[in-house]
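Report on one structure; see the data block that follows.
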Amino acid sequence: MDSPISFEQTLESDMKTLAAEINRSQELKDVKNAEGIDAVKEAIKAFPRFEASTAAANGAVSAPAAVHDDTSSPLPAYAQSAAPEVKLEIEYLLDVALHKGIGTALAESEKSPYFVQDAFHDALAGRIYPELQKRGLLK
Numbered sequence: 065m066d067s068p069i070s071f072e073q074t075l076e077s078d079m080k081t082l083a084a085e086i087n088r089s090q091e092l093k094d095v096k097n098a099e100g101i102d103a104v105k106e107a108i109k110a111f112p113r114f115e116a117s118t119a120a121a122n123g124a125v126s127a128p129a130a131v132h133d134d135t136s137s138p139l140p141a142y143a144q145s146a147a148p149e150v151k152l153e154i155e156y157l158l159d160v161a162l163h164k165g166i167g168t169a170l171a172e173s174e175k176s177p178y179f180v181q182d183a184f185h186d187a188l189a190g191r192i193y194p195e196l197q198k199r200g201l202l203k
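Numbering of the sequence shown is given in this note's numbering, commencing with residue 65 and proceeding in unit increments.
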């Protein structure tokens, strides 16, 4: 029987998948002039399309991911003044991404209004980008 995969392993795998997609798209110049956090945002938007094909190529998962622990709000500045239920929905989607995987959170976000989806993508990129840099996963 297979052992359940921990959320740290899922997040670690997702981060490696994102980094590979960012590096691939920059090499192919799919995302012209997209660097830094903008490249992460574009990779997150494309995540469901490449997740399955890249996951198998990543192989074994290494040490658990340390998510950027920040006491400030994880929401982008433009979402700070949103209605409380909108903020909660974005934070819920972030929680899903960090505990169940980015693909699961993106699928869940498709049920949400575009504003929530966009704010979720931006918030997730803002949380993951520093971690990708710290780990040296971006060129």
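Ideal placement from N, C-alpha and C gives every residue a C-beta, glycine not left out.
How is residue i classed by DSSP in three states: helix, strand or coil?
i	result
residue 169	helix
residue 162	helix
residue 73	helix
residue 191	helix
residue 137	coil
residue 176	coil
Less than 7 Å between the beta carbons of residue i and residue j, yes or no?
i	j	result
residue 107	residue 154	no
residue 75	residue 162	yes
residue 138	residue 191	yes
residue 178	residue 101	no
residue 200	residue 78	no
With 16 as the cutoff for other CB atoms within 10 Å, does residue i come out buried or exposed?
i	result
residue 175	exposed
residue 121	Note that residue 121 has pLDDT 42, beneath the 50 cutoff, so the model's placement of it is unreliable and no number is given.
residue 136	exposed
residue 145	exposed
residue 99	exposed
residue 152	exposed
residue 171	exposed
residue 141	exposed
residue 198	exposed
Does the CB of residue i have a neighbour CB from chain C at under 7 Å?
i	result
residue 155	The chain labelled as chain C is not found in the depicted structure, where only one protein chain is given.
Sufficient close CB pairs (3 or more, under 8 Å) joining the stretch 186-197 to the stretch 157-171: Because the criterion of three Cβ pairs below 8 Å is met, the stretch 186-197 and the stretch 157-171 touch.
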